[in-house]
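Under our numbering, read the sequence shown as residues 3 to 420, first letter to last.
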Amino acid sequence: MVYYPARPAPTGRLTQTVTIGPNSDRPLTVHRIAMAPLSRFRNDPDTLAPTDMAVEYYGQRANKGGLMITESTVISEEAGGYPNAPGIYSEEQVFRWRKITDAVHAKGGYIWLQLGALGRANGGHFPHIPIVAPSPNPIRGVHPATLSTDTPDSRQMAEEDIERYLRSYTSAAANAKRAGFDGVEILGGNGYLIDQFTQSVSNKRTDSWGGPVENRIKFGLRALEAVAQVFGQEKVGIRLSPWGRHQDMLEEDPYATFVPFVKAIVKQHPELGYIHLVEAQSSWSGMEADKNVGEGIVESNDIFRAIIRRQDTSAFTSPSDYARSSPRIESPSEENPTVILSASGHTPEDVAEWVERTGDVAVFGRYFIANPDLPARVFEGLPVNHYDRPTFYSAGPRGYTDLLTYAEEQERRGDGRQ
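Set out below in structure tokens:
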């Protein structure tokens, strides 16, 4: 079903490429439409390795100069807990992921592996995997993994647990490199383990890993350092979701935590490949709709863009004041190379205007599912199909590998097929 009709081809910054790691030994020049990390839960239920169907899925969506980020992939068996969600800790998993990276590279694309750990988001599907978290406070409301209000109990991570998980980030990155990935993205948002350490709503520790913001961001910074030792900082990214309500997150003033966090990331890794920001949503449903930031706070990532781009914000009284000015953000450069990725809420109709102001790489998820050739459709002004939400997490090829490119649609119409 066509959701966005044909429109004029875009111009401006959306049509200009950016380079990830321009000062590295292998710079990656990418266009500004990237594929989001999308959990689809269609991996082998026994080995938690990608299947041949996953190879086809990623290969269909690969495109010349396009950046793809994989579905969240756990760093170790103990960091997992979702059925049919992939890992990168076994030889079989490395072997199967290599088939995917080969398929993407054959079409001139680039693919980064998102490294994650569940923490308290583990729904308890596998009794042999203990549920651990920065603090034992559970997710309130309906647990996303169990769809139940009976949230599994978690155990507070001890010092040895924390250090073991950090070693797992290093080994997972090494496996990702063997599997042929161009880089790795650390999942630092969406209510998973790093986010649970970062935010005070979930981290109630009183030791050196909790309390003041400089303690709470330490786990994320250590994880970044662990993978940068393997890939080099230029081939590492991190995803942050300061405004996310998912999995019982959201602080009253996210700026108080994420401004220091982004500043620390930029200071520690001045040539980091990219920072992936999830934008604030305009609406929420269910219990998430009842969570709000403090009065007068504007939900915007613009201050983080300014920090990354090292733009002067001294004329503004607060991050919210800066956001109200709708600033134009500079593009990355060799002197200031970290690329900014932006996810959530972008459409084929408004993406050119967004990128013109921010200079971001726009990250699409749902429309990339429905349109395997989404970048071509956006850049050429072609119609874009709507997505079929019920198939996002279902089994089998429907809604996964049976979607058509625009050329295939035209060929089918020419043959009289519908």
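Glycine residues also receive a C-beta, built at the ideal position from the N, C-alpha and C atoms.
Below 8 Å on the Cβ atoms is my contact criterion, and I expect residue i with residue j to pass it. Report the Cβ-Cβ distance as a whole number of Å.
i, j, result
"Pro385", "Val4", "5 Å"
"Gly89", "Glu358", "Not quite, the Cβ-Cβ distance comes to about 39 Å (not below 8 Å), so this is no contact."
"Ala354", "Leu16", "5 Å"
"Thr75", "Gln116", "6 Å"
"Thr103", "Phe183", "6 Å"
"Leu376", "Ile35", "7 Å"
"Met55", "Thr403", "6 Å"
With DSSP run on the structure shown, which of helix, strand or coil describes residue i?
i, result
"Val203", "coil"
"Pro7", "coil"
"Phe366", "strand"
"Ile133", "coil"
"Glu413", "helix"
"Tyr167", "helix"
"Arg15", "helix"
"Thr403", "coil"
"Glu216", "helix"
"Tyr408", "helix"
"Lys179", "helix"
"Gly222", "helix"
"His348", "coil"
"His107", "helix"
"Asp197", "helix"
"Gln283", "coil"
"Ala308", "helix"
"Gly191", "coil"
"Phe381", "helix"
"Ala174", "helix"
"Ala397", "coil"
Hey, quick one: how far does the alpha helix (DSSP H) through residue i stretch, first residue to last?
i, result
"Leu30", "Leu30 -> not in any alpha helix (DSSP H); beta strand (DSSP E) instead, spanning 30-32."
"Lys356", "This sequence places Trp at residue 356; Lys is not what is there. Per DSSP, Trp356 belongs to the alpha helix (DSSP H) from 353-360."
"Gly125", "No alpha helix (DSSP H) holds Gly125; DSSP gives it neither H nor E."
"Val300", "First-last for Val300: undefined, no H or E at that position."
"Leu295", "The displayed chain sequence assigns Val, not Leu, to residue 295. Run containing Val295: none; DSSP gives neither H nor E here."
"Asp54", "54-63"
"Ala325", "321-326"
Taking Cβ positions, are residue i and residue j nearer each other than 8 Å?
i, j, result
"Glu80", "Pro132", "yes"
"Tyr194", "Leu120", "yes"
"Val264", "Arg180", "no"
"Gly246", "Gly296", "no"
"Gln313", "Glu332", "yes"
"Gly185", "Gly126", "no"
"Arg44", "Ser137", "no"
"Arg241", "Leu274", "no"
"Tyr276", "Ala228", "no"
"Gly213", "Ser26", "no"
"Ser302", "Ala325", "yes"
"Tyr84", "Leu30", "no"
"Tyr408", "Tyr389", "no"
"Phe381", "Met37", "no"
"Ala51", "Arg98", "yes"
"Thr49", "Val32", "no"
"Ala372", "His348", "no"
"Ala261", "Pro321", "For the record, residue 261 in the displayed sequence is Val; it is not Ala. In this structure, Pro321 lies closer than 8 Å to Val261 by Cβ."
"Asp362", "Ser344", "yes"
"Gln62", "Pro374", "yes"
"Gly67", "Gly110", "yes"
"Ala174", "Tyr91", "yes"
"Ile267", "Phe221", "no"
"Ile22", "Val341", "yes"
"Pro39", "Glu73", "yes"
"Pro244", "Pro24", "no"
"Tyr257", "Ile310", "no"
"Ala308", "Thr319", "no"
"Arg169", "Phe199", "no"
"Val203", "Leu252", "yes"
"Ala123", "Gln249", "yes"
Just to confirm the assignment, what range does the beta strand (DSSP E) spanning residue i have?
i, result
"Ala36", "35-37"
"Val238", "238-242"
"Thr1", "Any question about residue 1 goes unanswered here, given that the chain covers just 3 to 420."
"Ile22", "20-22"
Bridge partners for residue i per DSSP, in chain order?
i, result
"His278", "Arg241, Leu343"
"Trp114", "Ile71, Gly185"
"Gly89", "Val76"
"Gln432", "No answer is possible for residue 432: it lies beyond the span of the chain, which begins at 3 and ends at 420."
"Val386", "Tyr6"
Does the ligand ZN have a heavy atom nearer than 7 Å to the CB of residue i?
i, result
"Gln201", "The ligand ZN is not part of the structure shown, which contains no ligands of any sort."
Would you verify that the beta carbon of residue i is, or is not, closer than 8 Å to some beta carbon of chain B?
i, result
"Val295", "This model lacks chain B altogether, as it is built from one protein chain only."
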